[in-house]
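Trainee: Sharing a structure here in C-alpha cells format.
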Amino acid sequence: MNWTNEEKQIFCEVADVFEIPEGAYNFRVNGKSVGRKSTENINIEPKTDVSGLDIHIKPGTKNETVHIPVAISVTGLSEAVYNDFHVGKGADVTIIAGCGIYNCGPTDSTHNGIHRFFIEKGAKVRYIERHYGFGGGRGGKILNPVTELYMEDDTEALLEMEQIKGVDSTIRETKAKLGDRAKLVVKERLMTHGRQKAESSYNVILDGVDSTADVVSRAIAQDVSRQNLKLTIVGNNKCRGHSECNAILMDDAKVIATPSLEAANINAELIHEAAIGKIAGDQLTKLMTLGLTKKEAESKIINGFLK
Amino acid sequence: MLKLIDIDFEVKKGRSRLKILDHLSLEILPNTLTVITGPNGSGKSTLAEIVMGIKTPTNGRIILNNIDITDKSITERAKLGIAFSFQQPVKFNGINVYDLLNIANGELISKEEASKLLKSVGLDSEKYLLREVNGKLSGGELKRIEIASILARNAELLIFDEPEAGIDLWSFEDLTRLFRKLKAMKKTLLIISHQERILKLADKIIVLEEGSIKDQGKPADVLAKIKEEKR
Numbered sequence: 030m031n032w033t034n035e036e037k038q039i040f041c042e043v044a045d046v047f048e049i050p051e052g053a054y055n056f057r058v059n060g061k062s063v064g065r066k067s068t069e070n071i072n073i074e075p076k077t078d079v080s081g082l083d084i085h086i087k088p089g090t091k092n093e094t095v096h097i098p099v100a101i102s103v104t105g106l107s108e109a110v111y112n113d114f115h116v117g118k119g120a121d122v123t124i125i126a127g128c129g130i131y132n133c134g135p136t137d138s139t140h141n142g143i144h145r146f147f148i149e150k151g152a153k154v155r156y157i158e159r160h161y162g163f164g165g166g167r168g169g170k171i172l173n174p175v176t177e178l179y180m181e182d183d184t185e186a187l188l189e190m191e192q193i194k195g196v197d198s199t200i201r202e203t204k205a206k207l208g209d210r211a212k213l214v215v216k217e218r219l220m221t222h223g224r225q226k227a228e229s230s231y232n233v234i235l236d237g238v239d240s241t242a243d244v245v246s247r248a249i250a251q252d253v254s255r256q257n258l259k260l261t262i263v264g265n266n267k268c269r270g271h272s273e274c275n276a277i278l279m280d281d282a283k284v285i286a287t288p289s290l291e292a293a294n295i296n297a298e299l300i301h302e303a304a305i306g307k308i309a310g311d312q313l314t315k316l317m318t319l320g321l322t323k324k325e326a327e328s329k330i331i332n333g334f335l336k
Numbered sequence: 002m003l004k005l006i007d008i009d010f011e012v013k014k015g016r017s018r019l020k021i022l023d024h025l026s027l028e029i030l031p032n033t034l035t036v037i038t039g040p041n042g043s044g045k046s047t048l049a050e051i052v053m054g055i056k057t058p059t060n061g062r063i064i065l066n067n068i069d070i071t072d073k074s075i076t077e078r079a080k081l082g083i084a085f086s087f088q089q090p091v092k093f094n095g096i097n098v099y100d101l102l103n104i105a106n107g108e109l110i111s112k113e114e115a116s117k118l119l120k121s122v123g124l125d126s127e128k129y130l131l132r133e134v135n136g137k138l139s140g141g142e143l144k145r146i147e148i149a150s151i152l153a154r155n156a157e158l159l160i161f162d163e164p165e166a167g168i169d170l171w172s173f174e175d176l177t178r179l180f181r182k183l184k185a186m187k188k189t190l191l192i193i194s195h196q197e198r199i200l201k202l203a204d205k206i207i208v209l210e211e212g213s214i215k216d217q218g219k220p221a222d223v224l225a226k227i228k229e230e231k232r
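Those protein sequence lines, which keep their order, are chains A and B. Everything in the first sequence is counted per the numbering used here, starting at 30 for the first residue and increasing by one. Everything in the second sequence is counted per the numbering used here, starting at 2 for the first residue and increasing by one.
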C-alpha cells in the first residue's frame, strides 16, 4: 500500500499503525478501500447497497484484532460509511477503528462513520476509536461517528473513544441496548480547541437483569471551543448504571453537560456524577514546586486527564 | 542558607486587614533541622508557603544562599533547591506514582530507584508504582507518596508542612527515622509540626504566636518552657 506522509501520520495517530498489522484489516483512503485482508475467523466483505463493510467474527474467536482505519487527505470529500460488526458467540476480539482528516484546502471534508455491533451471547469486544485532524486550509475537518451496540446476554463491551485534536466539528452519537448480565464500559476523551464544536450523546438502555454500564467522559475545552455532552442511562430492569462527566474548562471555552437517568424498575440503581471547572490550582502549584513551569504543569495535567 | 527579613503577611478580612505574619525575621543555618511550632493560626504554614513562593509577603525579603528570591516564582525557587511537602497531598487524574517521582526528579529515573524511594516511606513499589495519585488512595498513602516526591527532588532545603498529618499506617517512628537520615545526609530541613517527637529531633525550635516569634532555641530549653506554660 502506497500512502502519502499525511496518510501515514493519520494511521499512526488513529490506529498506532506503522506497517501492515497482524489480523484482519481494511484501510480506507479518500473514499476507497486500499487494502483488505480477512482471516480464517474474521471475514470482511464490502456492502453492496451502501458504502461500508460487513465484518463477521466467527463464534469462539479469541485474541484477534480487526483494524479498519480511515484517512481523508483531500479537500471537499464527504462520505458516509456503514460498518456492521457481527461478533459470534463467545468471541473475544479487539477492533481498532478511527479516522483522521488532513485538509489543507478551501472546502470541508467530512466523514460520517456509522458502526453497528451485534454482539452475540457471551462475546467480548474491545473497541478503540480515535479521531484526529490536521492541515491548515480553510476547509473544516468534520467527523460524525454513530456507534450502536446490540448486546445479547452475558456480553461485554469496552469502548475507548478519543478525539485527539484538530477536529473542527463533531456530532458523536452512541447508543447501546444491553441484555441480561451484559456489561458496558465506556471511556470517552474529548479535546477541543480554537473554534471547534463537539456534541456527544450517549443513550444506554439497560434492559437485561443485572446488566451494568459505566460511562465516563473526560473533556477538555480550550480557547473559544464549545462542547455539549448528553449522557442518558435508562434502567428497565434490575441493573446498575453509572455515568460521569468531568470537564476542564480553559480560556473562553464553554461546556454544557446534561445528565439524564431514567429508572423504570424499582431495582434499578443509577448514578450520575458531573464536574466542570478550571484546572485545579493546587495541582498546578504542586507540579510547580517540583520544578515545572506553569505551562509545563498545565500540559502534564491535561495529558494525565485525557489518559 | 535561608534568611527571612522583616516579613509581613496580611489578608483582607471584611473591610479591615488581618496580619498573619508581623515583622518576622529568622535564619535557617545549612545542614540543620529547624522545627517551627505554635498554636493553630500562628502563621506557621503561611511562613512555609512564603518560603516556597506559594504566598507572596506583603513586605520583607527572602534570601537563599545569598540570593534574593523574594520576587522569584515557585518554579524558580524549586530549581534553586527548595522542596515543599504539602500538608494536604494533592490528587491528580491520570498521573501515577512513577510519573510523579519522575517529574519530581526532573529526569527519568529507573523503576529500581523509584522503588527505593517508595521503600523509604514504607510503600511496596509493586503495589504502588503504577497507581494513580488520586482519591482512591488513602490519606496516609497519599502522604507517604507526597514525602517520596520530596525525596526524589534531591533538593538542598526540604520544607515539610505538618508531615505527621495523615500518617496512619506508617508509624511515627519511621517518619522520625527518615528525618534523622536526611539530617545525616546533611540536608537542611524546615519542618512545621506540633509533635513533640519531631520537635525533639530539632537543632532549633522556633515558636510562633500571632505571627511573631515568641521563643526560639534548643529543644530542651524550648520544650521545658512550653511544658511550664501548660501547667
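Idealized CB from N, CA, C, for every residue including glycine.
Looking at the structure shown, is residue 334 of chain A part of a helix, part of a strand, or coil, going by DSSP?
Mentor: In the first sequence, counting from the first residue as 1, residue 334 of chain A sits at position 305. Of the three classes helix, strand and coil, the one that applies to residue 334 of chain A here is helix, per DSSP.
Trainee: Could you tell me whether the Cβ of residue 192 of chain B comes closer than 7 Å to any Cβ of chain A?
Mentor: Indexing the second sequence from 1 puts residue 192 of chain B at position 191. Judged by the 7 Å Cβ criterion, residue 192 of chain B is not in contact with chain A.
Trainee: So if I threshold CB-CB distances at 7 Å, which residues from the stretch 48 to 79 of chain B count as touching chain A?
Mentor: If the cut-off is 7 Å between Cβ atoms, the stretch 48 to 79 of chain B has 53, 55, 75, 76, 79 near chain A.
Trainee: Could you name the residues that DSSP lists as bridge partners for residue 269 of chain A?
Mentor: Position 240 of the first sequence, counted from the start, is the residue given in the question as residue 269 of chain A. The partner list for residue 269 of chain A (beta bridge, DSSP) reads A:241, A:298.
Trainee: Taking Cβ positions, are residue 235 of chain A and residue 208 of chain A nearer each other than 7 Å?
Mentor: Position 206 of the first sequence holds residue 235 of chain A. Position 179 of the first sequence holds residue 208 of chain A. Result no, Cβ atoms of residue 235 of chain A and residue 208 of chain A do not sit closer than 7 Å.
Trainee: Taking only beta-carbon atoms, is residue 105 of chain B less than 7 Å away from chain A?
Mentor: Reading the second sequence from its first residue, position 104 is the one you call residue 105 of chain B. For residue 105 of chain B, the answer is yes, since a Cβ of chain A falls inside 7 Å of its Cβ.
Trainee: Beta-carbon of residue 93 of chain B versus every beta-carbon of chain A: anything under 7 Å?
Mentor: For the purposes of this step, residue 93 of chain B is taken as residue 92 along the second sequence, with counting starting at 1. Judged by the 7 Å Cβ criterion, residue 93 of chain B is in contact with chain A.
Trainee: For a contact meaning CB atoms closer than 8 Å, what does residue 150 of chain B contact in chain A?
Mentor: Position 149 of the second sequence, counted from the first residue, corresponds to residue 150 of chain B. Going along chain A in sequence order, the residues near residue 150 of chain B (Cβ under 8 Å) are 319.
Trainee: Tell me which same chain residues have a C-beta within less than 6 Å of the C-beta of residue 180 of chain B, skipping the five on either side of it?
Mentor: Here residue 180 of chain B corresponds to residue number 179 of the second sequence, with the count starting at 1. Within the same chain, residue 180 of chain B has close Cβ partners 202.
Trainee: So the beta strand (DSSP E) residue 228 of chain A belongs to, where does it begin and stop?
Mentor: Residue numbering aside, residue 228 of chain A sits at position 199 when the first sequence is read from its first letter. 226 to 235 is the extent of the beta strand (DSSP E) around residue 228 of chain A.
Trainee: Can you round the beta-carbon distance between residue 20 of chain B and residue 212 of chain B to whole angstroms, since I take them to be within the 8 Å contact cut?
Mentor: The residue you call residue 20 of chain B lines up with position 19 of the second sequence. The residue you call residue 212 of chain B lines up with position 211 of the second sequence. Indeed they touch by this definition, with Cβ atoms about 6 Å apart.
Trainee: Rounded to whole angstroms, what's the CA-CA distance from residue 124 of chain B to residue 98 of chain B? Just pull it up for me.
Mentor: Your numbering for residue 124 of chain B matches position 123 in the second sequence. Your numbering for residue 98 of chain B matches position 97 in the second sequence. Residue 124 of chain B and residue 98 of chain B: Cα-Cα distance of roughly 11 Å.
Trainee: Below 8 Å on C-beta distance, what does residue 132 of chain B contact in chain A?
Mentor: The residue given as residue 132 of chain B occupies position 131 in the second sequence. Correct list: empty, because the minimum Cβ distance to chain A is about 13 Å.
Trainee: When DSSP labels each residue in this structure, what does residue 41 of chain A get in the three-state scheme?
Mentor: The residue you call residue 41 of chain A lines up with position 12 of the first sequence. Looking at residue 41 of chain A - three-state DSSP - the assignment turns out to be helix.
Trainee: Using three-state DSSP, classify residue 139 of chain A as helix, strand or coil.
Mentor: Working through the first sequence from its first residue, we reach residue 139 of chain A at position 110. In this structure, residue 139 of chain A counts as strand in the three-state DSSP scheme.
Trainee: Please go through the stretch 133 to 192 of chain B and give each complete beta strand (DSSP E) segment of 3 or more residues, from N-terminal end onward.
Mentor: Here the runs fully enclosed are 158 to 162.
Trainee: Among B:196, B:232, B:138, which residue has its Cα nearest to the Cα of residue 39 of chain B?
Mentor: For the purposes of this step, residue 39 of chain B is taken as the residue at position 38 of the second sequence. Of the listed residues, the one whose Cα sits closest to residue 39 of chain B is B:196.
Trainee: Would you mind sorting residue 90 of chain B into buried or exposed? The rule is 16 or more other CB atoms within 10 Å of its CB.
Mentor: Taking the second sequence and counting its residues from 1, the one referred to as residue 90 of chain B is at position 89. Residue 90 of chain B comes out buried.
Trainee: Output the distance between the C-alpha atoms of residue 83 of chain B and residue 41 of chain B, rounded to the nearest integer angstrom.
Mentor: The count along the second sequence starts at 1 and reaches residue 83 of chain B at position 82. The count along the second sequence starts at 1 and reaches residue 41 of chain B at position 40. Cα to Cα, the separation comes out at about 25 Å.
Trainee: Are residue 195 of chain A and residue 161 of chain A closer than 7 Å when you measure CB to CB?
Mentor: Within the first sequence, the letter at position 166 stands for residue 195 of chain A. Within the first sequence, the letter at position 132 stands for residue 161 of chain A. Yes. Within cutoff.
Trainee: Give the interface partners of residue 333 of chain A over in chain B, defined as CB-CB distance under 8 Å, in chain order.
Mentor: Mapped onto the first sequence, residue 333 of chain A falls at position 304. Under the 8 Å cutoff, chain B gives 93, 94, 95, 96, 100.
Trainee: For residue 85 of chain B, decide whether its Cβ has a neighbour in chain A, counting only Cβ atoms nearer than 7 Å.
Mentor: Locating residue 85 of chain B in the second sequence gives position 84, counting from the first residue. Yes, contact with chain A.
Trainee: Tell me, to the nearest whole angstrom, how far the beta carbon of residue 156 of chain A is from that of residue 109 of chain A; I am working on the premise that it is less than 8 Å.
Mentor: For this step, residue 156 of chain A is matched to residue 127 along the first sequence. For this step, residue 109 of chain A is matched to residue 80 along the first sequence. So it is not a contact: roughly 19 Å between Cβ atoms.
Trainee: Can the beta-carbon of residue 275 of chain A be found closer than 7 Å to that of residue 250 of chain A?
Mentor: In the first sequence, the residue the question calls residue 275 of chain A occupies position 246. In the first sequence, the residue the question calls residue 250 of chain A occupies position 221. Against a cut-off of 7 Å, the Cβ pair of residue 250 of chain A and residue 275 of chain A comes out as no contact.
Trainee: Looking at the secondary structure, which residues open and close the alpha helix (DSSP H) in which residue 120 of chain B lies?
Mentor: Residue numbering aside, residue 120 of chain B sits at position 119 when the second sequence is read from its first letter. Where residue 120 of chain B is concerned, the enclosing alpha helix (DSSP H) stretches over 112 to 121.
Trainee: Going by DSSP, what residue range makes up the alpha helix (DSSP H) through residue 48 of chain B?
Mentor: Within the second sequence, the letter at position 47 stands for residue 48 of chain B. Here the alpha helix (DSSP H) through residue 48 of chain B covers 45 to 53.
Trainee: What does residue 154 of chain B touch in chain A if you count any residue whose Cβ is under 8 Å from its own?
Mentor: Counting from 1 along the second sequence, the entry for residue 154 of chain B is found at position 153. Chain A residues near residue 154 of chain B: 319, 320.
Trainee: So does residue 88 of chain B have its beta carbon nearer than 6 Å to some heavy atom of the ligand ADP?
Mentor: Within the structure as shown, the ligand ADP is missing, as the structure has no ligands at all.
Trainee: Express the C-alpha separation of residue 50 of chain B and residue 106 of chain B in angstroms, rounding to a whole number.
Mentor: In the second sequence, the residue the question calls residue 106 of chain B occupies position 105. In the second sequence, the residue the question calls residue 50 of chain B occupies position 49. Computed Cα separation, rounded: 21 Å.
Trainee: Quick one: what does DSSP say residue 284 of chain A is sitting in, helix, strand or coil?
Mentor: Mapped onto the first sequence, residue 284 of chain A falls at position 255. Of the three classes helix, strand and coil, the one that applies to residue 284 of chain A here is strand, per DSSP.
Trainee: Opposite residue 171 of chain A in the DSSP bridges: which residues?
Mentor: Within the first sequence, numbered from 1, the residue matching residue 171 of chain A stands at position 142. Residue 171 of chain A is bridged to A:139, A:198.
Trainee: Considering only the beta carbon of each residue, do residue 131 of chain A and residue 102 of chain A sit closer than 7 Å?
Mentor: Taking the first sequence and counting its residues from 1, the one referred to as residue 131 of chain A is at position 102. Taking the first sequence and counting its residues from 1, the one referred to as residue 102 of chain A is at position 73. Yes, the pair counts as a contact, with Cβ atoms nearer than the cut-off.
Trainee: If you measure between the beta carbons of residue 36 of chain B and residue 206 of chain B, is that distance less than 7 Å?
Mentor: Taking the second sequence and counting its residues from 1, one reaches residue 36 of chain B at position 35. Taking the second sequence and counting its residues from 1, one reaches residue 206 of chain B at position 205. Result yes, Cβ atoms of residue 36 of chain B and residue 206 of chain B sit closer than 7 Å.
Trainee: Taking beta-carbon pairs under 9 Å, can you tell me which members of the stretch 181 to 200 of chain A lie near chain B?
Mentor: Within the stretch 181 to 200 of chain A, no residue qualifies.
Trainee: Just the C-alpha distance for residue 111 of chain A and residue 318 of chain A, rounded to the nearest angstrom, thanks.
Mentor: Against the first sequence, residue 111 of chain A aligns to sequence position 82. Against the first sequence, residue 318 of chain A aligns to sequence position 289. Roughly 51 Å separates the two Cα atoms.
Trainee: Can you pull the chain B neighbours of residue 311 of chain A, defined as C-beta to C-beta under 7 Å?
Mentor: Numbered from its first residue, the first sequence carries residue 311 of chain A at position 282. 91, listed in chain order.
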